Amino acid sequence: MEQNGFKVYGYRWIMLVVFMFIAAMNQLLWITFASITGDAAKYYRVSDLRIAILSLSFMLVYIVVSIPASWVIDTYGIRVAVGIGAALTGLFGLL
3 MEQNGFKVYG
13 YRWIMLVVFM
23 FIAAMNQLLW
33 ITFASITGDA
43 AKYYRVSDLR
53 IAILSLSFML
63 VYIVVSIPAS
73 WVIDTYGIRV
83 AVGIGAALTG
93 LFGLL
């Protein structure tokens with residue numbers, strides 16, 4: 003059997019769980035108001051469409067942010083990029 007030069011670490015499973023948690027939090031923030039659109043619209047005295055626009059804005063922001071995120075991944079690596087993404091998700095989640 004040929005050696006391919008890769009070394010496999012058990013730590014990769016921890017990183018996978020952390021990445022999955024960050025992705026889940028991102029999606030949770032994305033669809034926060036989807037299940038309570040009517041109640042949120044009444045509380046904030048806006049139309050249902052304005053609440054729906056919050057969810058739709060995620061897709062537009064994704065397009066805009068994907069280019070600088072790709073640059074960060076290429077320049078600094080996936081570990082740093084995921085760390086920055088996690089920090090920004092936490093920061094904007096608190097707002």
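Here the sequence shown is numbered in the working numbering, starting from 3 and rising by one per residue. Don't be surprised by glycine CBs; every beta carbon is placed ideally from N, CA and C. A quick note: this is a predicted structure, and the numbers were derived from the prediction, not measured.
Query                                                                                : Result
Rounded Cβ spacing between S37 and A43 (contact assumed at less than 8 Å)            : That pair is no contact at about 13 Å.
Beta carbon of M84 nearer than 9 Å to that of V20                                    : The displayed chain sequence assigns Val, not Met, to residue 84. Yes, these two residues count as a Cβ contact at 9 Å.
Own chain, CB closer than 8 Å to V82, minus 5 neighbours either side, in chain order : V74
Residue ranges of each alpha helix (DSSP H) within the region 21-79, 4 or longer     : 39-46, 50-78
Exposure label - I53; buried when at least 16 CB within 10 Å                         : buried
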